[in-house]
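K.L.:
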Amino acid sequence: MSTSTKSNYHHGELREALLQAAMRMLETGEQFSLRAVARETGVSQTAPYRHFSDRDALESALAARGFRDLLAALQEVAATSSARPAEYELAEYAVAYVEFALRRPALFRVMFGNACDEGSEERAAAVSTIHSVLRDAVSGMFPHADAAALASAGWALAHGLAYLHLDGKIPSASSTAPEAAAAAHVRAAFAAILTLKT
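Position one of the sequence shown corresponds to residue 27 (my numbering), numbered consecutively onward.
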């Protein structure tokens, strides 16, 4: 990339370009560092340090982006399930969660493999909204229960199933796509749990 192109990045645009490059490298299995991302973006090796103090800070920003994308997937479920029973919505949140993990495994591992960065407002906001979405769904199903605790338990169930599938601990039949097998397991688990409602 030419020097003139390097100088064309404005402050916010450079951060976004670095994040996009890092996300591409992460999800295609390339090893990345701040220097590698700088090369990929076509800027000097010191330029990324204006936005990220080290690789951990860059990974935290990727995780924040991942939580925002996960939130969008959950909100899509809400948008398409308004005419269906609450039981359907609750299970489909879990399905969407597991499918996100299987579709973007490297990002999912970054999101949950590192300690939470309390200083990332973007990450904290997305995670807080995810909690709210799940808590509201649980409240609709179990109005007299501790919605926050049940939402966390439901998240734990979906999260455990996601990792069991990611790590190949629940093999699916060769004729069944992993996403379809995971969805079947999630729906079966939530169907069993929801029988306890009565």
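Ideal Cβ placement from N, Cα and C applies to all residues, glycine included.
1) Please tell me whether GLU53 and ALA132 are closer than 9 Å, where the distance is taken between their beta carbons.
2) Quick check: the segment 85–94 against the segment 172–191, are at least 3 beta-carbon pairs closer than 8 Å?
3) Starting from ASP95 and walking both ways along the alpha helix (DSSP H), at which residues does that stretch end?
4) I'd like the list of long-range same chain contacts for LEU187, defined as Cβ closer than 8 Å, with 5 residues on each side in sequence excluded.
5) Please classify ALA141: is it buried, with 16 or more other beta-carbons within 10 angstroms of its beta-carbon, or exposed?
6) Specify the secondary structure class of ARG135 as computed by DSSP and reduced to three states.
7) Just mark THR31 as buried or exposed, buried being the case when its beta carbon has 16 or more other beta carbons within 10 Å.
8) Just to confirm my understanding: we take ALA122, look at its own chain, exclude 5 residues before and 5 after, and list those with CB closer than 8 Å. What are they?
9) Does GLY180 pass the burial test, meaning 16 or more other C-beta atoms within 10 Å, or should it be called exposed?
10) Whose C-alpha, out of LEU45, GLY68 and ALA62, is nearest the C-alpha of HIS77?
11) How would you write the range of the alpha helix (DSSP H) that TYR189 sits in, first residue to last?
12) Measuring CB to CB, does ALA171 end up less than 9 Å from GLU115?
13) Let me check understanding here. Comparing Cα to Cα, which of ALA217, ASP82 and ALA117 lies closest to SER59?
14) With a cut-off of 8 Å on the beta carbons, I'd call VAL136 and LEU88 a contact; round off their distance for me.
15) In whole angstroms, what is the alpha-carbon distance linking LEU128 and ALA203?
P.N.:
Taking the definition as stated:
1) Taking the first residue of the sequence shown as position 1, residue 53 is located at position 27. Taking the first residue of the sequence shown as position 1, residue 132 is located at position 106. Yes.
2) No, the segment 172–191 is not in contact with the segment 85–94.
3) In the sequence shown, residue 95 corresponds to position 69, counting from 1. Counting along the chain, ASP95 sits inside the alpha helix (DSSP H) bounded by residues 81–106.
4) Residue 187 sits at position 161 when you count from the first residue of the sequence shown. Its chain contains ALA120, VAL124, ILE196, ALA208, HIS211, VAL212 and ALA215 as the residues whose beta carbon lies nearer than 8 Å to that of LEU187, once the 5 sequence neighbours on both sides are disregarded; these appear in chain order.
5) To locate residue 141, count along the sequence shown from 1; it is residue 115. ALA141 should be labelled exposed.
6) Reading the sequence shown from its first residue, position 109 is the one you call residue 135. The three-state reading of DSSP puts ARG135 in helix, counting H, G and I together.
7) Against the sequence shown, residue 31 aligns to sequence position 5. Any answer about THR31 is weak, because its pLDDT of 42 lies below 50 and its placement is not dependable; what the coordinates show is given next. By the Cβ neighbour-count rule, THR31 is exposed, with fewer than 16 other Cβ atoms within 10 Å of its own.
8) Here residue 122 is taken as the residue at index 96 of the sequence shown, counted from 1. ALA99, LEU100, GLU102 and VAL103.
9) Within the sequence shown, residue 180 is the residue found at index 154, counting from 1. Taking every protein chain shown into account, the CB of GLY180 has 16 or more other CB atoms within 10 angstroms, so this residue is buried.
10) One-based indexing of the sequence shown puts residue 77 at position 51. Residue LEU45 is the option with its Cα nearest to HIS77.
11) Your numbering for residue 189 matches position 163 in the sequence shown. Where TYR189 is concerned, the enclosing alpha helix (DSSP H) stretches over 173–192.
12) Taking the first residue of the sequence shown as position 1, residue 171 is located at position 145. Taking the first residue of the sequence shown as position 1, residue 115 is located at position 89. In this structure, GLU115 does not lie closer than 9 Å to ALA171 by Cβ.
13) Counting from one through the sequence shown, the residue named residue 59 turns up at place 33. Of ALA217, ASP82 and ALA117, the residue nearest in Cα terms is ASP82.
14) The sequence position of residue 136 within the sequence shown is 110, counting from 1. The sequence position of residue 88 within the sequence shown is 62, counting from 1. Contact holds; Cβ gap of about 6 Å.
15) Within the sequence shown, numbered from 1, the residue matching residue 128 stands at position 102. Within the sequence shown, numbered from 1, the residue matching residue 203 stands at position 177. Their backbone Cα atoms lie some 11 Å apart in a straight line.
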